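A.B. asks: Handing you a structure now.
There are 2 protein chains.
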Amino acid sequence: MDDAVQEVCLRQGSGWSFAALPPKNARDRIMSAASFLFCNHGFAATGIDTILTRAGTAKATLYNHFKSKEELITAVLEAEGETWRTWFFGRLADVTGPARTRVLAVFDVLEDWFSDPGFYGCPFINAVAEFDTNDDTVRRLADQHKERLVTWLKAQAIEMQVPDVAETARSIAVLIDGAIVAAQHSRDASFARTARKLAECHLAAVGAR
Amino acid sequence: MDDAVQEVCLRQGSGWSFAALPPKNARDRIMSAASFLFCNHGFAATGIDTILTRAGTAKATLYNHFKSKEELITAVLEAEGETWRTWFFGRLADVTGPARTRVLAVFDVLEDWFSDPGFYGCPFINAVAEFDTNDDTVRRLADQHKERLVTWLKAQAIEMQVPDVAETARSIAVLIDGAIVAAQHSRDASFARTARKLAECHLAAVGAR
DNA sequence: AAATAAATAGACAGAATAGTCTTGTCTTTT
DNA sequence: AAAAGACAAGACTATTCTGTCTATTTATTT
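Structure (C-alpha cells):
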C-alpha cells in the first residue's frame, strides 16, 4: 500500500484531516500532498517534485498558486492549524458540564488524536524543531496557534474561578505539549491519561470548581 | 560576532557543552561544528560543506572518520546525549536531601538549561520531529536517551515510596518534555517553574516522602 | 633521518534542488 | 462558436547536495 492510499484510509478514520476524499482541484491536491509529505517526512527533506508527483499536478500550477516553497510551507502550517483547531474545539464543544469537565476532556480528545495510526505529532512543534533557531517566520505561526489554545484555556480558567488564570492556562499548555511529545516518541497514546491525571491534580490543588 | 565566537562565549557560560575551548584535533572539531549547526539550523538543512568550513577540516578527513552524513548525525546525537546527561545528573548529584527534593531540583536545573541564550531545545526531540515518521534509527537513539532519564526517575520514585513507581516516572517525564518544548517555543525559561509546581502537586497527591 | 600516518586542498561525479518558461490541452464562460 | 483561464507535461537553468578521488603537506613514530 503506497502513501496516497494509506493516507485516505487513515484519515477517513481520524476525521480531522483536510478531507476524507481526495480533493479534485489542483490547489487542494497540492495542499493535501504537501501536508502529508511535510508532516511525515520533514519540510526540508520533501522536495517540490515529490509533492508534484503525489498531487498529480504540474510545476507551473504549484508556482502559480504559491510563489515559493516557503510560502507553501506557511500555507500548509496555517491550514493544518486551522483544521486541527476546528476539529479539537469542535470535539470539546460537545462536552457537557462545567468548565472543569471540559478542560479534562481535552486529554481524552488528545488521546483520540494520538491513537490515529497516522499521528505524526504537532506540525508546529515539528516545524519549530526543524527550522533555524532564529527563524521567526515559523515561530510566529506556532505562537499564533498556541495563543489561540491558551486563550481558550484562559476562558475555561475564568469559568473555573481559579486564583491565577494565566498560571492555570500555562500549566495545562505544558501538559498538552508534554503529552504530544511523549506520545509521538513512544507511539503510546496513554500518555494523554498521564497528563490528564496531572491536570486533575493541578485543578484540585487550585480549587477549580 | 559570528557563530563560532558566539558558541564559545555562550558555552563557557552554560558548562554542559563538548568543551569550553575549541578542540584541536580534527575529529572533535568536526563533531563540535556539526553539533552546533545540526542543533541550531537543522539536520537536513546543514550541508557537509558548511560543517567542513566551520570545523576547518578537509572533506576527506570527515569521510575518514564517518562513513556518511547519517553516521555523523548519529555520532552527534549520541555525544550530545552523553554530554547532557553527564551535566544534568551531575548537577542533581550535588543536591542534598531526600529524593523528593532531588526530583524537584530537576526543574531548577532545567531552568538553568533553558536560560542559556544558546538553548535550542532537546536535540532528540528536534531530531524525531525532523526525520521521517518511520525512521527508527533516530527514534531508537531518542528512546535510549529518554530511557536513561526514566530509569533515574524510577529510582527516585522508589526512594519516595510512591504507590506507582512507573506512573510517577512517566508523569515527571511528561512534565520535562512539556517544559522543554514550551521554553523552546516561547524562549521563556520560567516554564520550568510551572512544570515544577505540577510536579510538586503530583508528588503531594501520591504521598511522596 | 626514514617511514608511516593523518590531514589538507580541491577537482570531480552524479544526483537532486528550487524555480522559470514554453507549448499544448481541456474546460468553462461569454 | 469564441475567448479566457486553468492545468499538464516537461525542457531548462543554475545551484547545491553527498560522496569519491588524487595529490600534496604536515606530524608522529620508529
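Chains as they are written, first to last, in the numbering used here: chain A, 1 to 209; chain B, 1001 to 1209.
The C-beta atom is built at its ideal place from N, Cα and C for all residues, glycine as well.
All values derive from a computational prediction rather than experimental measurement.
1. Would you say Gln1184 (chain B) lies against chain A (beta-carbon separation less than 8 Å)?
2. Can we say the stretch 187-198 of chain A touches the stretch 1165-1177 of chain B, given the rule of at least three CB pairs closer than 8 Å?
3. Output, in chain order, the set of chain B residues within a Cβ distance shorter than 7 Å of Tyr125 (chain A).
4. Cβ atoms of Ala142 (chain A) and Lys154 (chain A): under 8 Å apart, would you say?
5. Could you give the DSSP three-state label for Ala204 (chain A): helix, strand or coil?
6. From Cys1266 (chain B) to Glu159 (chain A), what does the alpha carbon distance come to, in whole angstroms?
7. Which of the three DSSP states is assigned to Val1106 (chain B) in this structure?
8. Give the DSSP-derived three-state secondary structure of Cys122 (chain A) in the structure shown.
9. Got a sec: which bits of the stretch 185-197 of chain A sit with their beta carbon under 8 Å from any beta carbon on chain B, in order along the chain?
10. Secondary structure at Gly1015 (chain B), three-state DSSP: helix, strand or coil?
11. Use the C-beta contact count for Gly1097 (chain B): other C-beta atoms within 10 angstroms, 16 or more gives buried, fewer gives exposed.
12. Quick one: is His65 (chain A) near chain B, going by C-beta distance under 8 Å?
13. What are the uninterrupted segments assigned as alpha helix (DSSP H) that are 4 or more residues long and contained completely in the stretch 127-194 of chain A, given in chain order?
14. In whole angstroms, what is the alpha-carbon distance linking His1041 (chain B) and Phe131 (chain A)?
15. Buried or exposed: Ser68 (chain A), going by 16 or more other Cβ atoms within 10 Å of its Cβ?
16. I'd like to know whether the C-beta of Cys1201 (chain B) is nearer than 8 Å to at least one C-beta of chain A.
17. Give the interface partners of Gly1042 (chain B) over in chain A, defined as CB-CB distance under 7 Å, in chain order.
18. Is the Cβ of Gly1207 (chain B) closer than 8 Å to any Cβ of chain A?
19. How far does the alpha helix (DSSP H) with Asn1040 (chain B) in it reach, from first residue to last?
20. Below 8 Å, can you find three or more Cβ-Cβ pairs linking the stretch 99-106 of chain A to the stretch 116-127 of chain A?
21. I'd like to know if Glu221 (chain A) contacts chain B, where contact means its C-beta is closer than 8 Å to some C-beta of that chain.
22. Use the C-beta contact count for Phe146 (chain A): other C-beta atoms within 10 angstroms, 16 or more gives buried, fewer gives exposed.
23. Check Arg1209 (chain B) in the structure and name its three-state DSSP category.
24. For the alpha helix (DSSP H) that contains Gly81 (chain A), what are its first and last residues?
25. Would you check if the stretch 1179-1192 of chain B and the stretch 1105-1112 of chain B touch, i.e. whether three or more CB-CB distances between them fall below 8 Å?
26. Measuring alpha carbon to alpha carbon, tell me which residue in A:Cys39, A:Ala55, A:Ala45 is nearest Ile30 (chain A).
27. Any idea if Phe89 (chain A) is buried or exposed, counting beta-carbon neighbours within 10 angstroms, 16 or more meaning buried?
28. Quick one, which of A:Arg140, A:Ala204, A:Asp135, A:Phe114 has its alpha-carbon nearest Val181 (chain A)'s?
29. Let me check understanding here. Comparing Cα to Cα, which of A:Glu80, A:Asp188, A:Asp112 lies closest to Pro123 (chain A)?
30. Hey, would you say Ala1127 (chain B) sits closer than 8 Å to Phe1066 (chain B), going by beta carbons?
C.D. replies: In short, the structure shows the following:
1. yes
2. yes
3. Checking the sequence shown, residue 125 (chain A) turns out to be Ile, not Tyr. Chain B residues near Ile125 (chain A): Ala1129, Val1181.
4. no
5. helix
6. The shown model of chain B, from 1001 to 1209, leaves out residue 1266 (chain B), and the question about it has no answer.
7. helix
8. coil
9. His185, Ser186, Phe191, Thr194, Ala195, Lys197
10. Summary for Gly1015 (chain B): the model assigns pLDDT 43, below 50, so the residue's position carries little reliability; its value from the coordinates is reported in the next sentence. Of the three classes helix, strand and coil, the one that applies to Gly1015 (chain B) here is coil, per DSSP.
11. exposed
12. no
13. 136-159, 165-186
14. 6 Å
15. exposed
16. yes
17. Ala44, Glu130, Phe131, Asp132
18. no
19. 1026-1041
20. no
21. Given that chain A is displayed from residue 1 to residue 209, the structure contains no residue 221 (chain A) and the question cannot be resolved.
22. Per the sequence shown, the amino acid found at residue 146 (chain A) is Lys instead of Phe. Lys146 (chain A) is buried by the Cβ-count criterion.
23. coil
24. 69-93
25. yes
26. A:Ala55
27. exposed
28. A:Phe114
29. A:Glu80
30. no
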